[in-house]
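Colleague: Numbering (the numbering used here), first residue to last: 37 to 173.
Even glycine gets a Cβ: it sits at the ideal position worked out from N, Cα and C.
1) On the DSSP letters alone, give me the boundaries of the alpha helix (DSSP H) that residue 73 sits inside.
2) Report yes if the C-beta distance between residue 42 and residue 86 is below 7 Å; otherwise report no.
3) What span of residues does the beta strand (DSSP E) with residue 60 cover, start to end?
4) Tell whether a beta-carbon distance below 7 Å holds between residue 53 and residue 64.
5) In whole angstroms, what separates the C-alpha of residue 129 from that of residue 171?
6) Output yes if chain D places a C-beta closer than 7 Å to the C-beta of residue 118; else output no.
7) So is residue 93 buried or exposed if we call it buried at 16+ other beta carbons inside 10 Å?
8) Do residue 105 and residue 96 have their beta-carbon atoms positioned less than 7 Å apart in this structure?
9) I need the straight-line Cα distance from residue 84 to residue 58, nearest angstrom please.
10) What separation, rounded to the nearest whole angstrom, lies between the Cα atoms of residue 37 and residue 62?
11) What's the C-alpha gap between residue 46 and residue 76?
12) Go to residue 114, then tell me how far its alpha helix (DSSP H) extends in each direction, as first and last residue.
13) Count the other CB atoms, across all protein chains shown, that sit within 10 Å of the CB of residue 78; report buried if there are 16 or more and exposed otherwise.
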């Protein structure tokens, strides 16, 4: 089987999570500078098989788009252009950053480590991936 790769896109950083090849477990993979994401994915796909990109879609509580939504849609277009053979799914990412910060706190990370935004980005990507895996079944 191929992996599923989740992306928590931001204008500065991108959190990435990925499943194991059997698509059972979601793990953090990396946090990448936004400008480097396409090159990172191209290198990753040279060694790993990915069947689907899951991208977090920013939404307001009432379901409307946020100011970040156009940036994410532009990124999704770039993904589709560069990786035509890989399916792209969008998943509601409301509350993922808040839940990620709580998770880091519950894991016992020190305040200094919880404030490292790349940690929050990676955990947010895992949450996006876990949600997708749950609704996919």
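Modeller: So, to answer that:
1) 73-83
2) no
3) No beta strand (DSSP E) holds residue 60; DSSP gives it neither H nor E.
4) yes
5) 14 Å
6) Although the question refers to chain D, the structure presented lacks it and comprises just one protein chain.
7) buried
8) no
9) 13 Å
10) 15 Å
11) 15 Å
12) 105-118
13) exposed
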